[in-house]
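Here's the structure we're looking at; comments come further down.
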Amino acid sequence: MEGQSALDAEHAFAADAKTLGQWTAFRKWSTDDAVMFTPQPVNAHEWLKGRNDPPKAIDWWPTASYISCDGSLAVNTGGWKRADGSVGYFTTLWQRQNNGDWKWTVDGGDALKVSRPRQRPAVIKAICSNPPGMGMREGYPDGGGGVDSSEDGTLRFEFRVSPDGGRSVAALLWDGRKFRRVIEDKTAGSPPNK
Numbered sequence: 001m002e003g004q005s006a007l008d009a010e011h012a013f014a015a016d017a018k019t020l021g022q023w024t025a026f027r028k029w030s031t032d033d034a035v036m037f038t039p040q041p042v043n044a045h046e047w048l049k050g051r052n053d054p055p056k057a058i059d060w061w062p063t064a065s066y067i068s069c070d071g072s073l074a075v076n077t078g079g080w081k082r083a084d085g086s087v088g089y090f091t092t093l094w095q096r097q098n099n100g101d102w103k104w105t106v107d108g109g110d111a112l113k114v115s116r117p118r119q120r121p122a123v124i125k126a127i128c129s130n131p132p133g134m135g136m137r138e139g140y141p142d143g144g145g146g147v148d149s150s151e152d153g154t155l156r157f158e159f160r161v162s163p164d165g166g167r168s169v170a171a172l173l174w175d176g177r178k179f180r181r182v183i184e185d186k187t188a189g190s191p192p193n194k
């Protein structure tokens, strides 16, 4: 597992957003089937098609990276800040490509009242002993959610979206005996119009 890490990819992605433009960087760093939430899951390339870059890109930084034992999948999470001063968090699923590069495949987040601190990111790798078995991919979007896992099954990622846009995102990392939930993001939906 030499070369660029998912954390390196996150930093390069954020840097490209500032130099190339936010949506240009989102297109460059994503897989063809990448998903964003608007609030429903949509294909990122379809949603970004024809969309101009904002004058100033959102600024974001990772605070943790969770990596499968085989290095095929990673989940990064961290903080962001917009030009207007609003802050929030992100959670991004990264997939190693056949050429060794990383591309993001699911990206989400939400606003917060207080920003996550800029700090040296924690890097946590799944335990390689007694692996749980081969991974699976149900794919996404299916209108309500999806599941993905590393090839060796040691990192699992899942999301569910309700009709009102409420969202649940989770990442589970193998600890050698069982899965440990390392990320659990919940985003409230919008109340229906009356």
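For the sequence shown, position 165 matches number 165 in our numbering, and the numbering has no gaps at all. Built from N, CA and C at the ideal position, the CB exists for glycine as well.
| request: Please work out which residues of its chain come closer than 7 Å, Cβ to Cβ, to Thr-91, disregarding the five sequence neighbours upstream and downstream, and give them in chain order. | output: Val-75, Thr-77, Gly-108, Gly-109, Val-169, Ile-183, Asp-185
| said: Considering only the alpha carbon of each residue, which of Val-35, Pro-55, Gly-3, Lys-56 lies closest to Trp-47? | reply: Val-35
| query | To which residues of the same chain is Asp-164 closer than 6 Å at the C-beta, ignoring the five residues directly before and after it? | reply | Gly-189, Ser-190
| field | 8 Å contact criterion, which Asp-70 and Asp-152 should meet: CB distance rounded | value | 4 Å
| request: Pull up the distance between the alpha-carbon of Gln-119 and that of Thr-63, whole angstroms please. | output: 6 Å
| said: Give me the DSSP bridge partner(s) of Ser-168. | reply: Arg-160, Lys-186
| task | May I ask which residues mark the beginning and end of the beta strand (DSSP E) holding Leu-48? | result | Element bounds for Leu-48: not the beta strand (DSSP E) but the alpha helix (DSSP H), 44-48.
| Alpha carbon of Lys-197 to alpha carbon of Glu-10, nearest angstrom | With the chain running from 1 to 194 in the structure shown, residue 197 is simply not present.
| said: Within 10 Å of its beta-carbon, does Pro-117 have 16 or more other beta-carbons around it, so buried, or fewer, so exposed? | reply: exposed
| field | Cβ-based neighbour list, Ala-6, same chain, cut-off 7 Å, excluding 5 preceding and 5 following | value | Ser-65, Ile-67, Ala-74, Asn-76, Trp-94, Trp-102
| task | Would you check if the distance between the CB atom of Gly-144 and the CB atom of Val-161 is smaller than 8 Å? | result | yes
| said: My output table needs one value for Ala-12: the three-state DSSP class, helix, strand or coil. | reply: helix
| query | Just how far apart, CA to CA, sit Ser-72 and Phe-26? | reply | 20 Å
| Which one or two residues does DSSP pair with Arg-181 in a beta bridge? | Leu-172
| Relative to the alpha-carbon of Gly-79, which residue among Trp-29, Ala-111, Asn-52 has its alpha-carbon at the smallest distance? | Ala-111
| field | Nearest candidate by alpha-carbon position, reference Thr-187, set Leu-172, Phe-179, His-45, Arg-167 | value | Arg-167
| said: Here's a check: name, in chain order, each residue in its chain whose Cβ is nearer than 6 Å to the Cβ of Gly-88, leaving out the five neighbours to either side. | reply: Trp-80, Gly-109, Asp-110, Ala-111, Leu-112
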